[in-house]
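*Asks:*
In the working numbering, the protein residues as written are 2 to 541.
Right, here's the structure in full:
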């Protein structure tokens with residue numbers, strides 16, 4: 002697989018400096034292994050006998066504007082000291098961490114940094130969201146004034162945007178299945194290139210002179226990162242939007258569930274391949290099981306390479322094929338192939354975003370559909386949904402799980418999103434934003450794609466008439482009620498046969514009935530009637 006760089010060509014400036022100085026700018030790629038930009042920069046630096054420094058900007062005000070969750074910021078903060086340690090020990094590179102409130106501050110800081118340190122080349126990996134692209138374009142122009150190269154590499158996807166197009170031309174696929182077939186075929190007939198960074202030979206005296214406070218020691222990076230998290234948490238708490246969430250408990254859970262760093266991510270991948278992937282196709286839809294890879298939080302901040310995930314999965318598939326006793330049985334292994342398709346979905350939504358950048362500005366993929374819907378903005382209904390008090394057990398359990406842990410099972414993301422957009426007819430943008438504010442693995446492309454799929458306004462979206470029944474979903478995927486009763490302990494004594502029936506729940510929770518004294522609401526909407534209203538609205 003080839004990666005393309007947006008470069009100006011070889012640097013022609015900086016002729017008065019005896020030893021060139023290059024800069025690696027880390028963003029959502031917090032790892033050493035298979036980091037495209039890092040490997041390219043190290044290769045060039047060693048060839049040119051150049052020094053190398055590395056920078057990461059904490060941008061709390063920008064992240065808040067982008068609705069980054071507290072748990073995700075904390076995950077980044079916990080990862081930075083580990084990254085700094087690995088960079089120094091393995092590559093002889095020092096990581097500098099600075100706080101720049103916004104992206105525009107980053108442009109100014111980087112420009113000043115390059116001038117002060119005679120840096121002639123900056124490398125980074127592409128980001129595909131609107132503000133990020135605008136930031137990079139401004140920096141490119143700013144650095145070019147001083148003949149400083151800014152080279153970006155495609156690294157977030159297994160296959161980069163624009164590399165998978167329709168057979169009849171160069172347009173992006175609008176449906177996932179043909180995209181996946183071509184994506185898979187492209188990988189099958191090509192050799193994927195992994196990018197390994199080499200240690201920098203001439204780097205013992207490389208230090209960045211900075212105009213702002215910069216953390217370089219592990220202790221200082223930890224202190225600066227933790228301070229940023231604490232400040233971010235205080236800001237979120239003062240807004241009042243998180244009054245229903247114990248943010249300290251949420252952070253404690255996320256820290257225990259997601260140990261930081263590249264090694265932890267790779268270990269999780271190895272364990273998933275060894276223990277769980279063989280049952281993935283079925284088990285992945287059972288929320289009470291920990292049967293999914295749990296790698297999304299690491300992929301989102303770049304602690305692990307998506308290409309490594311793909312290669313490990315295909316290796317497991319090849320090993321099944323090479324086992325004579327299982328060759329026929331596993332030639333079409335649904336479990337491994339299903340997980341590989343999830344990696345393809347991640348690529349697909351990023352490709353869609355690059356193809357249709359208006360998505361970042363709250364536009365629907367199918368604007369003609371979205372614009373005709375009379376979306377609701379009922380505050381009481383929305384609050385019932387996000388606090389887990391709708392009276393629909395699976396929806397409420399899923400939302401309370403999200404609020405407590407910063408994570409939600411993929412099946413439940415579809416169920417809760419479809420309940421909000423179809424049963425309550427609430428604008429999908431409200432739900433999309435709420436998920437971003439809570440999810441440790443929230444990234445715009447996948448989150449937007451998932452929400453628009455559920456709302457039937459997106460690419461390859463669910464047909465408007467295919468509306469999930471949350472009670473039927475509970476009966477199928479949480480048969481014994483284990484997940485529901487874990488997060489809704491007030492329902493622990495209600496039999497599963499009642500939990501999974503809306504009519505029975507209404508009857509048993511009604512005044513004078515057996516479970517009337519339980520502190521749990523009667524469903525705020527009747528699914529069958531809501532479904533008919535939604536279908537009529539979309540038909541209109």
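For every residue, glycine included, the Cβ atom is placed at its ideal position computed from N, Cα and C.
Secondary structure at residue 23, three-state DSSP: helix, strand or coil?
*Replies:* strand
*Asks:* Have a look at residue 421 and residue 211 and give me their C-alpha separation to the nearest angstrom.
*Replies:* Rounded to whole angstroms, residue 421 and residue 211 show a C-alpha spacing of 48 Å.
*Asks:* Under DSSP, the beta strand (DSSP E) around residue 150 begins and ends at which residues?
*Replies:* 150-154
*Asks:* Taking the alpha-carbon positions, what's the residue 412 to residue 110 distance?
*Replies:* 43 Å
*Asks:* Could you tell me the distance, in whole angstroms, from the CA atom of residue 63 to the CA atom of residue 450?
*Replies:* One C-alpha to the other measures close to 22 Å.
*Asks:* Would you kindly work out how many angstroms separate the C-alpha atoms of residue 282 and residue 337, rounded to a whole number?
*Replies:* 8 Å
*Asks:* Can you tell me whether residue 506 is helix, strand or coil according to DSSP?
*Replies:* Look at residue 506 here: in three-state DSSP terms it is helix.
*Asks:* So what's residue 69 in DSSP terms, helix, strand or just coil?
*Replies:* coil
*Asks:* Hey, would you say residue 28 sits closer than 8 Å to residue 128, going by beta carbons?
*Replies:* At a Cβ-Cβ threshold of 8 Å, residue 28 and residue 128 count as neighbours.
*Asks:* Is the Cβ-Cβ distance between residue 482 and residue 500 less than 8 Å?
*Replies:* yes
*Asks:* Are the segment 253-262 and the segment 224-242 touching, with three or more C-beta to C-beta distances below 8 Å?
*Replies:* A contact is defined here as three or more CB-CB pairs under 8 Å, and the segment 253-262 fails this definition with respect to the segment 224-242.
*Asks:* Per DSSP, what are the beta-bridge partners of residue 236 in this structure?
*Replies:* DSSP output for residue 236 lists no bridge partner at all.
*Asks:* Whose C-beta lies closer than 6 Å to the C-beta of residue 460 among residues of the same chain, with five residues either side of it excluded?
*Replies:* Contacts found: 175, 353 and 366.
*Asks:* Smallest Cα separation from residue 418: which of 386, 444 and 441?
*Replies:* 386
*Asks:* Under 8 Å by Cβ, that's how I've got residue 97 and residue 116 pegged, so tell me the actual separation to the nearest angstrom.
*Replies:* Their Cβ separation, rounded to whole angstroms, is 16 Å, which puts residue 97 and residue 116 out of contact at 8 Å.
*Asks:* Quick check: what's the CA-CA separation for residue 223 versus residue 83?
*Replies:* 9 Å
*Asks:* For residue 402, I'd like the list of residues in its chain whose CB is within less than 7 Å of its CB, leaving aside the five on either flank, ordered along the chain.
*Replies:* 409 and 488
*Asks:* Cβ of residue 290 within 8 Å of Cβ of residue 284?
*Replies:* yes
*Asks:* Does DSSP put residue 53 in a helix, a strand or coil?
*Replies:* The answer is strand: DSSP assigns residue 53 an E or B state.
*Asks:* Would you report the Cα separation of residue 315 and residue 370, rounded to the nearest angstrom?
*Replies:* 39 Å
*Asks:* With a CB to CB cut of under 7 Å and the five nearest residues on each side skipped, what residues in its chain are close to residue 243?
*Replies:* 237
*Asks:* Determine which residues share a DSSP beta bridge with residue 58 and list them.
*Replies:* 99
*Asks:* Ends of the alpha helix (DSSP H) at residue 455?
*Replies:* 445-456
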